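For the record, the sequence lines run as chains A and B. Just so you know, the numbering used here puts 394 at position 394 of the first sequence, and the rest follows in order with no gaps. Every position in the second sequence, counted from 1, becomes a number in the numbering used here once 1000 is added. Cβ coordinates follow ideal geometry from the N, Cα and C atoms, glycine included. This one's a predicted model, so the numbers in the text were calculated from it and none came from an experiment. Some notes on the structure that comes next.
2 protein chains.
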Amino acid sequence: MPKTTKKAEVKPFVRFDYSRMTAERGNMMMPKADLIDLARRLEPVRAAVIKQWRSGQLGFMAIPERTADLKAVEAMAKTVGREFKTLVVIGIGGSDLGARMLVKALKPAGKGMEIRFIGANTDPDEMAALLRDLDWRKTAINVISKSGDTIEPMSAFVLLRDRLVKAVGVNRHARHVIATTDTEKGTLRKIADREGYRTLPVPADIGGRFSVLTPVGLFPAACAGIPVRRLVVGCRAVRDEFAAAKTMDNGPLMFAGLQHDGYVRRSQHITVLMPYGERLREFGSWFRQLWAESLGKRLDRHGKVVNHGFTPVAALGATDQHSQVQLYNEGPFDKTLTFIEVESPDADFRLPNPYPDIEGTAYMAGHRLGEILHAERAATSLALTENGRPNGTVFVPRVSPEAVGALVNFFQIATAVAGELLDVNAYDQPGVEAGKKHMYKLLGRKGFEKF
Amino acid sequence: MPKTTKKAEVKPFVRFDYSRMTAERGNMMMPKADLIDLARRLEPVRAAVIKQWRSGQLGFMAIPERTADLKAVEAMAKTVGREFKTLVVIGIGGSDLGARMLVKALKPAGKGMEIRFIGANTDPDEMAALLRDLDWRKTAINVISKSGDTIEPMSAFVLLRDRLVKAVGVNRHARHVIATTDTEKGTLRKIADREGYRTLPVPADIGGRFSVLTPVGLFPAACAGIPVRRLVVGCRAVRDEFAAAKTMDNGPLMFAGLQHDGYVRRSQHITVLMPYGERLREFGSWFRQLWAESLGKRLDRHGKVVNHGFTPVAALGATDQHSQVQLYNEGPFDKTLTFIEVESPDADFRLPNPYPDIEGTAYMAGHRLGEILHAERAATSLALTENGRPNGTVFVPRVSPEAVGALVNFFQIATAVAGELLDVNAYDQPGVEAGKKHMYKLLGRKGFEKF
């Protein structure tokens, strides 16, 4: 039987070890002597972020205070969970990746609703597969869009609504739909008001990629049976630590500072995030949007053309040791790596010794699976260090809601800091507008004929 | 109801459009005038690859002739499918990613065995989740390892074998295990012979990352109900086309040539592969290993330190338009993009018009989901081109077994060509050995104490 560990969760929920970012092997790591200078340069940056937060410009930093949203999510999830068995989540980008990540990491076995994600793609084959499985009487829809103008979720929504209305009738269908959208304006708000859908708010001052700990991500998570309140506990702890900790002990601040230093001084433009553990498989997909869309910018905040940006790569340990680590050890020195290590798995297994005379397996006997996974991460980090490859590790005690909430805010805050360091607006996405206009033209939308 | 298209599959199964790699917007695309010179330089490279193939040095190029393996796979899958309902596949890297990709792309709904992948990680939490679900009487194990010395699959195997033996008895358990391994030597061969497991061959001359169309990937695919013979039809078509086509019409050759040109002349070290469509979601994970592990090398073939390598990025359309495309349009000019476009989905859906007076959704009415997905790809490619970002598109008529087999060999051959161009050994992986030794030492394996 798996050995189940039920430790009380203690702070810190997340800890960043950057000693191998500065190990001075070769010349593609940061010299240790520069750390003090880096810390000195980071202090005004931290102050700037805190000032933006205190003056109400950084909505995501105030998430722990949005207690009304949290209560609304918990109450809605409780009701919807009593009424339905399956929740179809329709969203894309920040309205999709965060909730997927939470469900993959934290859904308790055998508890909560079944969650199906759609609308991440307008893929007809995927839609057909979903429709084969659904029992509409037991299915609710959570459509998520701040504006209701995004084509992928809205096309999926009108299709699914059509099937839902055919299955349960137009009068009854409204009870099956929960719209997460702007509280006042936009296409989805208009539809929800007309149809009488239940709604949850998308905070006006929080962008999509920073919204996983708002109702956008929390509602699907709560429906999945995840104690969402504990996510916010981890989120708050990291924020308060960011404000209080000494610079050199300040995880998100040092993470951003070290990435930026590699970027400007050693052209390390690729950021590999490599969690070890299946439950964090989707964490990298969530991080990719945050890091790429926030920092990949043509102009800096003064209008100068800079074409900045890190290219994030989502890797997974131990899997990618057999796929990407050859490149990371021997290829160009154009990247940094960050591991996420889970210190204690929830279950563990001791390996038996069925073939004591066969050395190729016998040496594993008595070791635990979790121990092997630790050894894999430690050995990979060591080999990379010997090859002069800068690598850091974020430790979490286990994959608890507190730790995941802490990891989320660690990287959210690091992104805000990195935006300050690169001097770009980390909260807009002007580079996707042209593509949208071309698409509207191709589809014959009014007003886009001449684009 | 979804409109189902059952077209006969016609060649070419795959077509590469590179016109937007050379569109001469800005100075980070290849000048069109250089194409003829590139083609001239590629001819001897093609000849070299063909010579290696004809002289028996490139095992993967001869896969279409391995008809005995194909028959063995089909026969074994038929028997195992009659005896069991679920197949647990234990493998990592090339023994895992290829089969996962095939099953995701091609598993027919409601047919074949249920396939569960494990051993991609030695993750105890994942193992616990798997064990909760399995009914051993109806479950077979396919353990895949050429040598049987790889710790991740072998640790998962001894654990699962232990549970299997407890559930069905040591005498009966052998019938549940199919080992895909070397025909003569290695730890897993020794175990299989001793236990009397049924086996399938890993061809001695084909490396893991080139093995998806050998029994390594074909057996799980066949168990999933995929007509694997048709995969090989596509594989063969691309190989024969590579040998016969004019240089400028030669997809894999031009793909590798254009990537290499961007790499050496414009420092474009990042290769983004972005299929549009949910069924190709795992294709990028398979491609990542092939491209990274083959070409990411410290030394060239003459022993000179070069630290070469492309960093592959697996993206997915339309999803990543809302995550990565901001960076691709506005960030550093350090990458090329390759889309995969599926010309006809198997099913499609016409959008209804529930709110004719709400322009934010009404403009979609009458369009089909598949049409929107096409428009998204076309619009994204256009916007990237306007921003001077080199991008190509690989077209497949639909996600058929022939097309997937063709896509696989397109990128396998392109990798061989790129290896020639970079002058590196594309078939070894020396950069992962140090990490393995460190791990053995941490686990106390004999002979690694002093490493």
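Quick one: give me the first and last residue of the beta strand (DSSP E) that residue i is part of.
{"i": "T385 of chain A", "result": "Run containing T385 of chain A: none in the beta strand (DSSP E); it sits in the alpha helix (DSSP H), L369 to E386."}
{"i": "L337 of chain A", "result": "K335 to V342"}
{"i": "V228 of chain A", "result": "Counting along the chain, V228 of chain A falls outside any beta strand (DSSP E), though it belongs to the alpha helix (DSSP H) covering V228 to A244."}
{"i": "T1452 of chain B", "result": "As shown, chain B starts at 1001 and ends at 1451. That puts residue 1452 of chain B outside it, with no answer to give."}
{"i": "I1358 of chain B", "result": "Element bounds for I1358 of chain B: n/a, residue is neither H nor E."}
{"i": "D1261 of chain B", "result": "Segment G1251 to R1266 is the alpha helix (DSSP H) holding D1261 of chain B; no beta strand (DSSP E) there."}
{"i": "N307 of chain A", "result": "V305 to H308"}
{"i": "N142 of chain A", "result": "T139 to I144"}
{"i": "D17 of chain A", "result": "R15 to D17"}
{"i": "P275 of chain A", "result": "I270 to P275"}
{"i": "A179 of chain A", "result": "V177 to T181"}
{"i": "A1482 of chain B", "result": "Limits of chain B in this structure are 1001 at one end and 1451 at the other, which puts residue 1482 of chain B out of reach."}
Is the beta carbon of residue j closer than 8 Å to that of residue i?
{"i": "T1187 of chain B", "j": "S1147 of chain B", "result": "yes"}
{"i": "S95 of chain A", "j": "V216 of chain A", "result": "yes"}
{"i": "V424 of chain A", "j": "K304 of chain A", "result": "no"}
{"i": "G388 of chain A", "j": "M29 of chain A", "result": "yes"}
{"i": "L373 of chain A", "j": "D1123 of chain B", "result": "yes"}
{"i": "P267 of chain A", "j": "D162 of chain A", "result": "Sequence inspection shows Ser at residue 267 of chain A; the Pro mentioned does not correspond to that position. Not closer than 8 Å, so no."}
{"i": "R1209 of chain B", "j": "Q324 of chain A", "result": "no"}
{"i": "I1115 of chain B", "j": "T1214 of chain B", "result": "no"}
{"i": "V272 of chain A", "j": "L337 of chain A", "result": "yes"}
{"i": "E152 of chain A", "j": "A1318 of chain B", "result": "yes"}
{"i": "F117 of chain A", "j": "R132 of chain A", "result": "no"}
{"i": "G1251 of chain B", "j": "V1342 of chain B", "result": "no"}
{"i": "T393 of chain A", "j": "F339 of chain A", "result": "yes"}
{"i": "K32 of chain A", "j": "E43 of chain A", "result": "no"}
{"i": "T181 of chain A", "j": "S145 of chain A", "result": "yes"}
{"i": "L1442 of chain B", "j": "A375 of chain A", "result": "yes"}
{"i": "V1073 of chain B", "j": "L1218 of chain B", "result": "yes"}
{"i": "L1160 of chain B", "j": "S1285 of chain B", "result": "no"}
{"i": "H322 of chain A", "j": "L422 of chain A", "result": "no"}
{"i": "G435 of chain A", "j": "T1380 of chain B", "result": "yes"}
{"i": "H1269 of chain B", "j": "F1310 of chain B", "result": "yes"}
{"i": "A1048 of chain B", "j": "E1420 of chain B", "result": "yes"}
{"i": "L1290 of chain B", "j": "Q1412 of chain B", "result": "yes"}
I'd like the span of the alpha helix (DSSP H) that includes residue i, first residue to last.
{"i": "H1173 of chain B", "result": "V1170 to H1173"}
{"i": "T415 of chain A", "result": "P401 to L422"}
{"i": "L1290 of chain B", "result": "F1283 to L1295"}
{"i": "H438 of chain A", "result": "E433 to L442"}
{"i": "L327 of chain A", "result": "V325 to E330"}
task: Output, in sequence order along the chain, the residues in the stretch 301-331 of chain A whose CB is closer than 7 Å to any CB in chain B.
output: N307, H308, G309, T311, V313, A318, T319, Q321, H322, S323, Q324, V325, Q326, L327, N329, E330 and G331
message: Does the contact criterion of 3 or more C-beta pairs under 8 Å hold for the stretch 1346-1362 of chain B versus the stretch 122-134 of chain A?
response: yes
At least three beta-carbon pairs within less than 8 Å, the stretch 1229-1237 of chain B to the stretch 1393-1403 of chain B: yes
message: Could you tell me which whole beta strand (DSSP E) segments of length 3 or greater appear in the stretch 1186-1224 of chain B?
response: 1198-1201
field: Residues of the stretch 413-431 of chain A whose Cβ lies closer than 7 Å to any Cβ of chain B, in chain order
entry: Q429 and G431
query: For the stretch 1044-1131 of chain B, which segments carrying the alpha helix (DSSP H) assignment without a break, of at least 4 residues, lie completely within its bounds, in sequence order?
result: 1067-1083 and 1097-1106
field: Under 7 Å (Cβ pairs) to chain A, residues found in the stretch 1283-1297 of chain B
entry: R1288, Q1289, A1292, E1293, G1296 and K1297
query: So, do the stretch 208-228 of chain A and the stretch 375-389 of chain A have three or more beta carbon pairs nearer to each other than 8 Å?
result: no
task: Note down, in chain order, all residues in the stretch 1374-1386 of chain B with a beta-carbon under 7 Å from any beta-carbon belonging to chain A.
output: A1375, E1376, A1378, A1379, T1380, L1382, A1383 and E1386
- request: Select from the stretch 1211-1225 of chain B all residues with a C-beta closer than 7 Å to any C-beta belonging to chain A, and list them in chain order.
  value: none
- prompt: Is the stretch 136-143 of chain A touching the stretch 167-181 of chain A in the sense that three or more CB pairs, one from each, lie closer than 8 Å?
  reply: yes
query: For the stretch 268-282 of chain A, which residues have a beta carbon sitting closer than 9 Å to at least one beta carbon of chain B?
result: H269, I270, V272, Y276, G277, E278, R279 and R281
- prompt: Listed in chain order, which residues of the stretch 1142-1174 of chain B have Cβ atoms closer than 7 Å to some Cβ of chain A?
  reply: G1148, D1149, I1151, E1152, M1154, S1155, V1158, L1159, R1161 and D1162
task: Can you give me, in chain order, the residues of the stretch 1176-1202 of chain B that have a beta carbon less than 7 Å from any beta carbon in chain A?
output: T1187, K1190 and I1191
message: Output needed in chain order: residues of the stretch 1348-1363 of chain B with a Cβ under 8 Å from some Cβ in chain A.
response: D1348, F1349, L1351, P1352, N1353, P1354, Y1355, I1358, E1359, G1360, T1361 and Y1363
Where the stretch 1009-1022 of chain B meets chain A: residues whose CB sits under 8 Å from a CB there: none
field: Residues, ordered as in the chain, of the stretch 1434-1446 of chain B that lie near chain A by beta-carbon distance below 9 Å
entry: A1434, G1435, K1436, K1437, H1438, M1439, Y1440, K1441, L1442, L1443, G1444, R1445 and K1446
field: Contact set between the stretch 26-59 of chain A and chain B, restricted to residues whose Cβ is under 7 Å from the partner
entry: none
- request: Compile a chain-ordered list of the residues in the stretch 1124-1140 of chain B whose CB is closer than 9 Å to at least one CB of chain A.
  value: P1124, D1125, E1126, M1127, A1128, A1129, L1131 and R1132
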